[in-house]
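Residue numbers (my numbering): 3 to 140. In this text, a Cβ means the ideal position worked out from N, Cα and C, and glycines have one as well. Okay, structure first, notes after.
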């Protein structure tokens, strides 16, 4: 059975007082929306906001791999810092490319539990002509 709210009641030994502590499982209140990129060089922004007690931590996955900033376990590493997770939990992908097209998962976690929301990024530059080519300087 899964509980969204847990109440802990405790009393002080040398006092007649008791205290209630409320803990809440994370709930995603702003869900990331599907993004379809048709113009190059524009960032893709997935917004994900969660509430809970204690405050949840937001973790992002691309496919089944965690988006991170080091090479531990199954974390993804992106050179050039094209992927950025804001302090609010949004995922920003700068200069999205065809290989960025995938399932993206926002996971909100705290000590009570976790919840997730899935979305997709689609890249369609088939109608792009002039600005579709990246300039490379030698």
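{"query": "For residue 40, three-class secondary structure by DSSP", "result": "coil"}
{"query": "Pick from 21, 101, 18 and 53 that is closest to residue 112, judged by C-alpha positions", "result": "53"}
{"query": "Uninterrupted beta strand (DSSP E) stretches inside the segment 105 to 132 (no shorter than 3 residues)", "result": "116 to 125"}
{"query": "Nearest residue (CA-CA) to residue 98, options 34, 31, 45 and 30", "result": "45"}
{"query": "Helix, strand or coil at residue 97 according to DSSP, with G and I counted as helix", "result": "coil"}
{"query": "Outcome for residue 18 when other beta-carbon atoms lying within 10 angstroms are tallied against a minimum of 16", "result": "exposed"}
{"query": "Separation of residue 118 from residue 27, as counted between CA atoms", "result": "12 Å"}
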